[in-house]
DNA sequence: ATCAGATAGTAGGGCATCCGAGCAATTTTG
DNA sequence: CAAAATTGCTCGGATGCCCTACTATCTGAT
């Protein structure tokens, strides 16, 4: 029952073998990965009663918040920044739960629209209430910390071509 | 080509629909998820020439840094904080690449040891050199920012039962 | 008007992760 | 010492993600 922190331990190893210089970035990355894993597991747990995962929740909310509750599959992938094939399986699963249905595009016969259903709207609202109340599992951090975290992570996001600090223009 | 930031857009939507209060945590979570995704893709790209993914790199380094280059499968899962079945497939894959081999435990016949091979050691060193030079994809942040990020994320890790701020005792 | 190229979605395969089930070996207990 | 519980690992199935085809459809240029 030594109760040591595995990530701190890894950092010590790194310093010992490769010096002080690369250790902080290595530690930051492993900490980020681990925090993400923990948060994801937490959120998936919260969403399980709704027959949702966080990935499916995001897709459902995208439709919920869209103008008329429907979007072409391709747009969903674009907004969620996931591969088109991931959208197929995401919507497959949401459709199976009855939260979304596929409808043909009125004019472009290539295109399929994912449309949120009435039950889907209900679940979206209930799940969002729960997550908002839970502060998305981030209750341990103050609002200022949230903003600070966002600022730091935004600089990593730039690496991925995400446009951060969007000009108002 | 509107070049807008999708995550900022989502935050605006949240504020519009549910007020200011839950928006920061929602934004922090989505930003964290996205940053993790970008970082992971970046690292996997860097590691691909070595026939490694970040997950397999972590497992390989664990063995590389262990006393005699071998650990029981169970210990690997414990240290990496992944499920035992994940270890099986991770080591399967590393074994296929010739970086690790399974050897029976000398005294406990239930136990299998994962042992790093000579080629595995070579790859571990080369890959680590590369990642250290690359600052694990975190070059956009200063060392102080790394430490700041770690502090913030550690508070999320506590939620997952990771022991942070390990007492020396 | 046609035909080449772009676009939309899906199928199939790989990887990483989890869970539950199952099997073998060891340790604990009565 | 024998039965019960635990431990260590693997297998099969699920989710989510990516990539590479492949089909169907649309668009634009000649």
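Protein chains in written order, with the numbering used here: chain A, 1 to 169; chain B, 1001 to 1169. Don't be surprised by glycine CBs; every beta carbon is placed ideally from N, CA and C. Here the structure is a predicted model, which means the values were calculated and not measured.
By the three-class DSSP mapping on this structure, what secondary structure does residue 103 of chain A have? strand
Taking Cβ positions, are residue 1052 of chain B and residue 1062 of chain B nearer each other than 8 Å? no
Inside the stretch 45 to 87 of chain A only - alpha helix (DSSP H) runs reaching at least 4 residues: 54 to 65 and 73 to 80
Interface residues of chain A facing residue 1015 of chain B [CB-CB closer than 9 Å]: Going along chain A, no residue has its Cβ under 9 Å from residue 1015 of chain B, so there is no contact; the nearest lies around 12 Å.
Is residue 1042 of chain B close to chain A? Criterion is C-beta to C-beta, closer than 8 Å. Yes, because at least one Cβ of chain A sits closer than 8 Å to the Cβ of residue 1042 of chain B.
Could you check which residue in B/1007, B/1046 and B/1059 has the C-alpha nearest to that of residue 1127 of chain B? Comparing C-alpha distances from residue 1127 of chain B to each of B/1007, B/1046 and B/1059 shows the shortest one belongs to B/1046.
Hey, does residue 145 of chain A have any beta-carbon neighbour from chain B nearer than 8 Å? By this cut-off, residue 145 of chain A is an interface position.
For residue 1167 of chain B, is the classification buried or exposed, using 16 other Cβ atoms within 10 angstroms of its Cβ as the cut-off for buried? Residue placement at residue 1167 of chain B is flagged as unreliable, the pLDDT there being 39, under the threshold of 50; a coordinate-derived value is accordingly withheld.
If contact is defined by three or more beta carbon pairs under 8 Å, each pair taking one atom from either stretch, is the stretch 102 to 113 of chain A in contact with the stretch 124 to 140 of chain A? no
Exposure of residue 111 of chain A, with buried meaning 16 or more beta-carbon neighbours within 10 Å: exposed
Using a Cβ distance threshold of 8 Å, determine whether the stretch 1084 to 1097 of chain B contacts the stretch 11 to 29 of chain A, with at least three qualifying pairs required. no
Could you give the C-beta distance for residue 1100 of chain B and residue 1115 of chain B, rounded to a whole number, given that I count them as a contact under 8 Å? 7 Å
Using C-beta distances below 8 Å, list every residue in its chain close to residue 1054 of chain B, excluding the 5 sequence neighbours before and after it, in chain order. 1040, 1043, 1044 and 1047
Who are the Cβ neighbours of residue 1034 of chain B in its own chain at under 8 Å, not counting the five residues just before and after it? 1007
Pick from A/76, A/88 and A/65 that is closest to residue 1016 of chain B, judged by C-alpha positions: A/65
Boundaries (first-last residue) of the alpha helix (DSSP H) holding residue 1131 of chain B: 1118 to 1133
For a cutoff of 8 Å on Cβ pairs, would you count residue 1196 of chain B as touching chain A? With chain B running from 1001 to 1169 in the structure shown, residue 1196 of chain B is simply not present.
Tell me, please, whether the CB atom of residue 1136 of chain B is closer than 8 Å to any CB atom in chain A? yes
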